[in-house]
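Participant: Got a structure for you, written out below as structure tokens; questions coming shortly.
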Amino acid sequence: MFGRRWLEMTWRDGLFCHWPVDPAVVDETLPERLTVATHDGDAYLGVVAFVMDDIRPRGVPFGLSFPELNLRTYVEGPSGPGVYFYNLDADDRLGVAVARRLFALPYYRAEMSATRRDDGAVRFRSRRTHRGVPDARFDATYGPAGEAFAAEPGSLAAFLLENYRFYADGNRLYRGEIAHEPWTLREGTADLRENTLFEANGFERPAGEPLVHYAEPVDVSADRLRRA
1168 MFGRRWLEMT WRDGLFCHWP VDPAVVDETL PERLTVATHD GDAYLGVVAF
1218 VMDDIRPRGV PFGLSFPELN LRTYVEGPSG PGVYFYNLDA DDRLGVAVAR
1268 RLFALPYYRA EMSATRRDDG AVRFRSRRTH RGVPDARFDA TYGPAGEAFA
1318 AEPGSLAAFL LENYRFYADG NRLYRGEIAH EPWTLREGTA DLRENTLFEA
1368 NGFERPAGEP LVHYAEPVDV SADRLRRA
């Protein structure tokens, strides 16, 4: 159950690129008490890029804004299904430091930009600058294609995007909860010129083209991290 709304923010310019992979490839990378979640027999690795806008504690009139880029998968855990992050790169030194300390999440500093073009497409670039971890780079232009829709319960889109819990593996297993209205989605297009997130996290690059979704902005509330 969702607890106190500790943080509030808006997520915008969301790109979701997903590749199906063998569940065994994912399962061997997960911490104890988490197992890989599948849809029609496939596990998924997702590259997600978006802008976190106006992040602030509830009641504070102003907040931080910065782009974020993550590699994620989907798991079953002691508190139910959720997201497991391999990395979260962000262009904010303070935000990264706070997230690493308070949320036990694999946040890394990066130089990033997210620029909306006149035609509505977004150019998103990232170069990791965090010391002592593998280099990671990303460069893509993406945007919406097609009519807006909401993911049907039980569909692949719902499995990949309608997730309101995440797990973090610090000195013990933690869970976090978020709340927002269901995503308004569109099929998306993405020109992925550079993407080294798989290699940076010890994966071989999945074969084939990704399933691409573009997400409309959504207001998000987040609870504090709790033990799973």
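In terms of the numbering used here, the sequence shown opens at residue 1168 and continues consecutively. Here a beta-carbon is modelled for each residue, glycine too, at the ideal position from N, C-alpha and C. This one's a predicted model, so the numbers in the text were calculated from it and none came from an experiment.
1. Please determine, among Trp1173, Glu1175, Leu1174, Asp1180, the residue with the shortest C-alpha to C-alpha distance to alanine 1382.
2. Beta strand (DSSP E) containing proline 1248: first to last residue?
3. Can you tell me whether phenylalanine 1305 is helix, strand or coil according to DSSP?
4. Tell me, to the nearest whole angstrom, how far the beta carbon of valine 1218 is from that of alanine 1281; I am working on the premise that it is less than 8 angstroms.
5. Could you tell me which of Pro1273, Thr1308, Leu1323 sits nearest to aspartate 1358, measuring between CA atoms?
6. In chain order, what residues of the same chain lie with their CB nearer than 6 angstroms to the CB of tryptophan 1350, ignoring the 5 residues before and after it?
7. Can you tell which of Phe1316, Pro1248, Arg1353, Ala1367 has its C-alpha closest to the C-alpha of alanine 1395?
8. Does the region 1319-1334 come into contact with the region 1360-1371, if we say contact requires no fewer than three beta-carbon pairs (one atom in each stretch) closer than 8 angstroms?
9. Just the Cα atoms here: how many angstroms apart are valine 1203 and tyrosine 1211?
10. Alpha helix (DSSP H) containing phenylalanine 1365: first to last residue?
11. Go ahead and pull the three-state DSSP assignment for arginine 1172.
12. For glycine 1162, list the residues DSSP reports as bridge partners.
13. Below 8 angstroms, how does it come out for the region 1233-1252 and the region 1310-1322: are there three or more Cβ pairs, yes or no?
14. Answer yes or no: do tryptophan 1173 and valine 1385 have a C-beta to C-beta separation smaller than 8 angstroms?
15. Could you give the distance in angstroms between the alpha-carbon of threonine 1158 and the alpha-carbon of leucine 1364?
16. The beta strand (DSSP E) that contains valine 1193, what's its start and end?
17. Under a three-way DSSP split, which group does alanine 1389 fall into?
18. So, using beta-carbon positions, are glutamate 1175 and arginine 1239 closer together than 8 angstroms?
19. Beta strand (DSSP E) containing leucine 1378: first to last residue?
20. Between the C-alpha atoms of alanine 1303 and tyrosine 1251, what's the straight-line distance to the nearest angstrom?
21. Compare the beta carbon distance of tyrosine 1275 and aspartate 1256 with 8 angstroms and say whether it is the shorter of the two.
Facilitator: Let me spell this out:
1. Closest option to alanine 1382, judged by alpha-carbon separation, among Trp1173, Glu1175, Leu1174, Asp1180: Asp1180.
2. In this chain, the beta strand (DSSP E) harbouring proline 1248 covers 1247-1257.
3. Phenylalanine 1305 falls in the strand class under three-state DSSP.
4. Taking 8 angstroms as the upper bound for CB-CB distance, valine 1218 and alanine 1281 are in contact here, some 5 angstroms apart.
5. Sorting Pro1273, Thr1308, Leu1323 by C-alpha distance to the C-alpha of aspartate 1358 places Thr1308 at the top.
6. Cβ within range, chain order: Leu1328, Ala1382.
7. Minimum Cα distance to alanine 1395 is reached at Pro1248.
8. At 8 angstroms Cβ cutoff, the stretches do not touch.
9. Taking the Cα positions, valine 1203 is about 9 angstroms away from tyrosine 1211.
10. Phenylalanine 1365 -> alpha helix (DSSP H) spans 1364-1367.
11. In the structure shown, arginine 1172 adopts coil according to DSSP, grouped into three states.
12. The requested residue 1162 does not occur in the structure, where the chain is confined to residues 1168 to 1395.
13. Judged by Cβ distances under 8 angstroms, the region 1233-1252 makes no contact with the region 1310-1322, as fewer than three pairs qualify.
14. With respect to the 8 angstroms criterion, tryptophan 1173 and valine 1385 are not classified as neighbours on the basis of their beta carbons.
15. Past the boundaries of the shown model lies residue 1158; the chain is included only from 1168 to 1395, so the question cannot be answered.
16. Unbroken run through valine 1193 is the alpha helix (DSSP H), 1190-1194; no beta strand (DSSP E).
17. It is a strand residue.
18. Contact flag unset, no.
19. 1378-1382 is the span of the beta strand (DSSP E), which, as asked, contains leucine 1378.
20. Cα to Cα, the separation comes out at about 18 angstroms.
21. A Cβ-Cβ contact shorter than 8 angstroms links tyrosine 1275 with aspartate 1256.
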